[in-house]
Amino acid sequence: QIRACIFDLDGVIVDTAVYHYRAWKRLANELGFDFTEEDNEKLKGISRVQSLELILGWGGVEKTPAEKLELATRKNTWYVEMIQAMTPDEILPGAKEFLQEVKAAGLKSALGSASKNSGLILERTGLLPFFDVIIDGNVVSASKPDPEVFLKGAEALQIPPQQCVVFEDALAGVQAARAGGMKVIGIGSPEILGDADVVVSGLSAFRVNMLDAL
Ligand code: G16
Ligand code: MG
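3 is the number of the first residue of the sequence shown in the UniProt record's numbering; add one for each residue after it.
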């Protein structure tokens, strides 16, 4: 019996990947190289510092820890400028309706995101009231596929992991949910997220009554 839903943010509730991409691309360009949209896929769901390490590797650029901190901060300043301007129109199709359905069904909901900017994004899109608990990059030390983010969510909701279901668009996130002993709904392509219990194209294709079959 499922009693709580835990949602990833980027790729499930909103598409912030486009803003991450623009900001990282600008940083790479300033450093004298570029990377493709295909490479950008590898940045989804991983933390800010891990993203920077990958990108510097693609450019063959070496930096000191202090320089890396400055670069990550510079990228984040541009990223925050863009998400400041986000509106409820940018909520992914079906996400708000599903969050409403979850509330109406008496289930709990938590956010389980790697982002340190999740509060701002939920506030700008008007989704903050739908979450009982927010677990994000500000309170988590181990990145997905480590289950820490989701286990902390279950703990804060006081619901056993076995009674939680995670909604995730990234492979690392599906693996994290599995490692935490939770059910998982993949949002995206079955080829990538095959390890999930169910894979759907988006929350518009999912209903609360489909949780009964898990
Ligand atoms: C999101 C994105 C990642 C990003 C990470 C950290 O994760 O998918 O690309 O690197 O957050 O974001 P920030 O720089 O805002 O702390 P999620 O877990 O919501 O999919
Ligand atoms: Mg994601």
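The beta carbon of each residue, even a glycine, is placed where N, CA and C say it ideally should be.
Cβ-Cβ distance between residue i and residue j below 8 Å
| i | j | result |
| --- | --- | --- |
| residue 94 | residue 213 | no |
| residue 140 | residue 118 | yes |
| residue 136 | residue 113 | yes |
| residue 167 | residue 194 | no |
| residue 41 | residue 170 | no |
| residue 106 | residue 146 | no |
| residue 12 | residue 44 | no |
Contact test: residue i Cβ vs the ligand MG heavy atom, cutoff 7 Å
| i | result |
| --- | --- |
| residue 172 | yes |
| residue 14 | yes |
| residue 46 | yes |
| residue 175 | yes |
| residue 10 | yes |
Bridge-paired residues (DSSP) for residue i
| i | result |
| --- | --- |
| residue 15 | Answer is none; residue 15 lacks a bridge partner. |
| residue 185 | 167 |
| residue 176 | In DSSP, residue 176 forms no bridge with anything. |
| residue 156 | Answer is none; residue 156 lacks a bridge partner. |
| residue 201 | 188 |
Pairwise C-alpha distance: residue j and residue i
| i | j | result |
| --- | --- | --- |
| residue 163 | residue 197 | 17 Å |
| residue 144 | residue 152 | 11 Å |
| residue 21 | residue 27 | 10 Å |
| residue 33 | residue 149 | 34 Å |
| residue 79 | residue 126 | 17 Å |
| residue 77 | residue 182 | 31 Å |
| residue 56 | residue 85 | 23 Å |
| residue 131 | residue 155 | 16 Å |
| residue 184 | residue 199 | 10 Å |
| residue 54 | residue 134 | 31 Å |
| residue 209 | residue 66 | 48 Å |
| residue 38 | residue 30 | 11 Å |
| residue 101 | residue 157 | 20 Å |
| residue 69 | residue 116 | 22 Å |
| residue 49 | residue 60 | 17 Å |
| residue 201 | residue 138 | 24 Å |
| residue 219 | residue 64 | Coverage of the chain is limited to positions 3 through 216, which leaves residue 219 absent and any answer about it impossible. |
| residue 83 | residue 17 | 16 Å |
| residue 25 | residue 81 | 6 Å |
| residue 99 | residue 89 | 16 Å |
| residue 172 | residue 192 | 11 Å |
| residue 124 | residue 92 | 11 Å |
Distance cut-off 7 Å: residue i Cβ against heavy atoms of the ligand G16
| i | result |
| --- | --- |
| residue 178 | no |
| residue 119 | yes |
| residue 116 | yes |
| residue 139 | yes |
| residue 49 | yes |
What residue ranges within the segment 98 to 142 form continuous beta strand (DSSP E) runs of no fewer than 3 residues, ordered along the chain?
-> 110 to 114, 135 to 137
Quick one: which unbroken alpha helix (DSSP H) runs of 4-plus residues sit fully inside the segment 8 to 64? Chain order, please.
-> 19 to 32, 39 to 42, 50 to 61
Tell me the start and end of each unbroken alpha helix (DSSP H) in the segment 60 to 93 that is at least 4 residues and wholly inside, in chain order.
-> 67 to 86
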